[in-house]
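K.L.:
Take this structure, written in structure tokens, and hold onto it; I'll ask about it next.
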Amino acid sequence: MKQVISTDRAPAAIGPYSQAIEVNGMVYTSGIIPVVPATGEIPEGSVAQAKQALTNLAHLLEAAGTSMDKVIKTTVFIKEMNDFAAINEVYQTFFTADFPARSCVEVARLPKDVMLEIEAIAIK
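Letter by letter, the sequence shown follows residues 1 to 124 of my numbering.
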């Protein structure tokens, strides 16, 4: 059975989609952008944006009853491949050993002109 997951500790959906969906013990998140949920602000720079997006992701997974250490796959969309190393530095602080599988793709533009967006699949 499908269950919609939402939390005010991650950015609200800005379109016709759910923040996350749980099906059969698997949690699928929508793309999470680096918006501060309480204020709507977007931090400056790729490092600060990576920290905010990953913090938002952690809060969403917590609302779903899972956590970052149960993530099995992420997809990271970045606006500038030159930020890859800096984003990786932040990324590895949110995940422990046994990192999830990951794709990272450079894109032309992201919602609200942020520098990155991340989505995840986690087990419960």
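Glycine is no exception: its CB is placed at the ideal position from the N, C-alpha and C atoms.
None of the values given here were measured: they were computed from a predicted structure.
What does DSSP give as the partner residue(s) for F77 in the beta ladder?
P.N.:
DSSP lists V105 and E117 as the bridge partner or partners of F77.
K.L.:
Please report the Cβ distance between L61 and A122, rounded to the nearest whole angstrom; I am assuming they are in contact, meaning their Cβ atoms lie under 8 angstroms.
P.N.:
6 angstroms
K.L.:
Verify whether the separation of the beta carbon atoms of L110 and F84 is less than 8 angstroms.
P.N.:
no
K.L.:
Could you pull out every residue in the same chain whose Cβ sits closer than 7 angstroms to the Cβ of Y17, ignoring the five residues on either side in sequence?
P.N.:
S30
K.L.:
What residue does the beta strand (DSSP E) around Y28 start on, and which one ends it?
P.N.:
Per DSSP, the continuous beta strand (DSSP E) segment holding Y28 begins and ends at M26 to T29.
K.L.:
When the distance is taken between beta carbons, is K79 closer than 8 angstroms to L116?
P.N.:
yes
K.L.:
Looking at the unbroken beta strand (DSSP E) that takes in E22, where does it start and where does it end?
P.N.:
In this chain, the beta strand (DSSP E) harbouring E22 covers A20 to V23.
K.L.:
Looking only at C-alpha atoms, which of A101, N88 and V114 sits nearest to K70?
P.N.:
The shortest Cα separation from K70 among A101, N88 and V114 belongs to A101.
K.L.:
Per DSSP, what kind of secondary structure is K51 in: helix, strand or coil?
P.N.:
helix
K.L.:
Give the DSSP-derived three-state secondary structure of V36 in the structure shown.
P.N.:
coil
K.L.:
At what residues does the beta strand (DSSP E) containing I87 begin and finish?
P.N.:
First-last for I87: F84 to F94, but that is the alpha helix (DSSP H), not the beta strand (DSSP E).
K.L.:
Exposed or buried, V35, counting other C-beta atoms within 10 Å across all chains shown (16 or more means buried)?
P.N.:
buried
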